[in-house]
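Engineer: In this note's numbering, the protein residues as written are 975 to 1266.
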Ligand code: NAD
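Right, here's the structure in full:
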């Protein structure tokens, strides 16, 4: 297929490279010259605007920072420029309302569109092992699925437009919440005289077990290798966790839903981020909890 790729940063760069590996022709655009130079070196054809990159394509994939940028790129440069019938796949993490609004405008203009945010970080983007949670009509999903398969290990249809974003922010609200809970449990266990490894051995086979404990333990030297074993470098940055928690709280407010744990988790990550920890892995929040 001929695919336009817009936004070739940390995530998009690896994703576009996997589309090339799968045999697609990739037409790249990014505001950053550095990102474009890397894309060119990887084999993409590069363009000076999103509208030029979209000429004659079968699909447009985007991996952009936020909803405002996604809306302006699609409504300003893509819709009306890409051939009618093309499928649009926005893989960025953005708010549900904007995802639905842009999909509606695209479909009214004769395109199919899905929101397809990802689970998995930069390493998964490079390895082609992302999980995509996809919102959109059956028709849009069936057109988007083969393209997503070339960049990931799992592609799950979550229902109507915006539902991919809904799944992503609910999942990450839960992740942030159980990470903070796991950190608290380790600190309290230690303060009560319990060896952290022993607490891990007990809790990981008891009802407190969760992903933050058994797959991503926030304490170095306990459980499988995680960013804690690398001085909290790599992994999922605190700044990105905070972005997702803000999106979740915004959605909860709009929907009139109470999320007291999500709200407290957001406050904790906001404070951690403001203290200069935005680039550190989100499990490093354990270091701010009071030791007895
Ligand atoms: P990034 O900042 O590295 O990349 C974004 C790219 O978009 C940049 O290269 C930037 O120059 C480009 N860009 C910005 N505005 C543009 C415009 N108007 N036109 C064209 N290009 C434009 O960010 P990233 O880490 O690749 O994240 C991208 C998206 O993926 C975000 O929505 C993020 O929340 C989501 N995400 C990131 C991760 C991660 O681990 N980094 C994991 C899951 C989801």
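C-beta: ideal position from N, C-alpha, C; glycine also.
Quick check: the Cα distance between residue 1190 and residue 1103, rounded to an integer number of angstroms?
Structural biologist: If I take the Cα positions, the gap works out to 18 Å.
Engineer: Taking DSSP's pairing of strands, which residues face residue 1001 in a bridge?
Structural biologist: BP columns for residue 1001 point to 978, 1019.
Engineer: Can you tell me whether residue 1096 sits near the ligand NAD, meaning its C-beta is under 7 Å from at least one heavy atom of the ligand?
Structural biologist: At least one heavy atom of the ligand NAD is nearer than 7 Å to the Cβ of residue 1096, so yes.
Engineer: Please classify residue 1046 as buried or exposed, where buried requires at least 16 neighbouring CB atoms within 10 angstroms.
Structural biologist: Residue 1046 should be labelled exposed.
Engineer: Please tell me whether residue 1147 and residue 1233 are closer than 8 Å, where the distance is taken between their beta carbons.
Structural biologist: Taking 8 Å as the Cβ cut-off, residue 1147 and residue 1233 qualify as a contacting pair.
Engineer: Could you give the DSSP three-state label for residue 1090: helix, strand or coil?
Structural biologist: Coil at residue 1090, not helix or strand.
Engineer: Take residue 1038 as the anchor and find which of 1071, 1114, 1063, 1261 has the nearest alpha-carbon.
Structural biologist: When only C-alpha atoms are compared, the closest one is 1063.
Engineer: What did DSSP end up calling residue 1223 once you bin it into helix, strand or coil?
Structural biologist: Reduced to three states, the DSSP call for residue 1223 is helix.
Engineer: Put residue 1036 into one of helix, strand or coil per three-state DSSP.
Structural biologist: Strand, per DSSP.
Engineer: Tell me the DSSP secondary structure of residue 1011 in three-state form.
Structural biologist: DSSP places residue 1011 in helix when its eight states are reduced to three.
Engineer: Considering residue 1049, what are the terminal residues of the beta strand (DSSP E) in which it resides?
Structural biologist: That residue, residue 1049, is in no beta strand (DSSP E); it is neither H nor E in DSSP.
Engineer: Under the criterion of a Cβ to heavy atom distance below 7 Å, does residue 986 qualify as lining the ligand NAD?
Structural biologist: Within the cutoff, so yes.
Engineer: So, is residue 1176 buried or exposed, given that buried needs 16 or more other C-beta atoms within 10 angstroms?
Structural biologist: Classification for residue 1176: exposed.
Engineer: In three-state terms, what does DSSP make of residue 1147?
Structural biologist: Of the three classes helix, strand and coil, the one that applies to residue 1147 here is helix, per DSSP.
Engineer: Tell me which residue opens and which closes the beta strand (DSSP E) that residue 1061 is part of.
Structural biologist: 1061-1064 is the span of the beta strand (DSSP E), which, as asked, contains residue 1061.
Engineer: Counting along the chain, where does the beta strand (DSSP E) carrying residue 1267 start and finish?
Structural biologist: Given a span of 975 to 1266 for the chain in the structure shown, any question on residue 1267 remains unanswerable.
Engineer: Could you pull the start and end residues of the alpha helix (DSSP H) that residue 987 belongs to?
Structural biologist: Segment 986-995, the alpha helix (DSSP H) holding residue 987.
Engineer: Measuring straight from C-alpha to C-alpha, what distance separates residue 1206 and residue 1081?
Structural biologist: Spanning the two alpha carbons is a distance of roughly 43 Å.
Engineer: For the segment 1072-1090 and the segment 1053-1063, state whether three or more C-beta atom pairs, one from each stretch, are separated by less than 8 Å.
Structural biologist: The segment 1072-1090 is in contact with the segment 1053-1063.
Engineer: Would you kindly check if the distance between the Cβ of residue 987 and the Cβ of residue 1013 is under 8 Å?
Structural biologist: Yes, these two residues count as a Cβ contact at 8 Å.
Engineer: At a cut-off of 7 Å, would you count residue 1100 as near the ligand NAD, judging by its Cβ distance to the nearest heavy atom?
Structural biologist: Flag unset: Cβ of residue 1100 not near the ligand NAD.
Engineer: Under a three-way DSSP split, which group does residue 1255 fall into?
Structural biologist: In this structure, residue 1255 counts as strand in the three-state DSSP scheme.
Engineer: Just to confirm the assignment, what range does the beta strand (DSSP E) spanning residue 1260 have?
Structural biologist: That residue, residue 1260, is in no beta strand (DSSP E); it is neither H nor E in DSSP.
Engineer: Just checking residue 1255 against the ligand NAD - is the residue's beta carbon closer than 7 Å to any of the ligand's heavy atoms?
Structural biologist: Checking the Cβ of residue 1255 against the ligand NAD gives no.
Engineer: When you measure from the CB of residue 1201 to every non-hydrogen atom of the ligand NAD, does any distance come out below 7 Å?
Structural biologist: False, no ligand heavy atom lies under 7 Å from that Cβ.
Engineer: Under DSSP, the beta strand (DSSP E) around residue 1126 begins and ends at which residues?
Structural biologist: Here the beta strand (DSSP E) through residue 1126 covers 1126-1133.
Engineer: Hey, could you find the ends of the alpha helix (DSSP H) residue 1246 is sitting in?
Structural biologist: Taken as a continuous stretch (DSSP letters only), the alpha helix (DSSP H) holding residue 1246 covers 1234-1246.
Engineer: Flag residue 1025 as yes when its Cβ comes closer than 7 Å to any non-hydrogen atom of the ligand NAD, and as no otherwise.
Structural biologist: Checking the Cβ of residue 1025 against the ligand NAD gives no.
Engineer: Looking at the ligand NAD, does it come within less than 7 Å of residue 1021, judged from the CB to the closest heavy atom?
Structural biologist: False, no ligand heavy atom lies under 7 Å from that Cβ.
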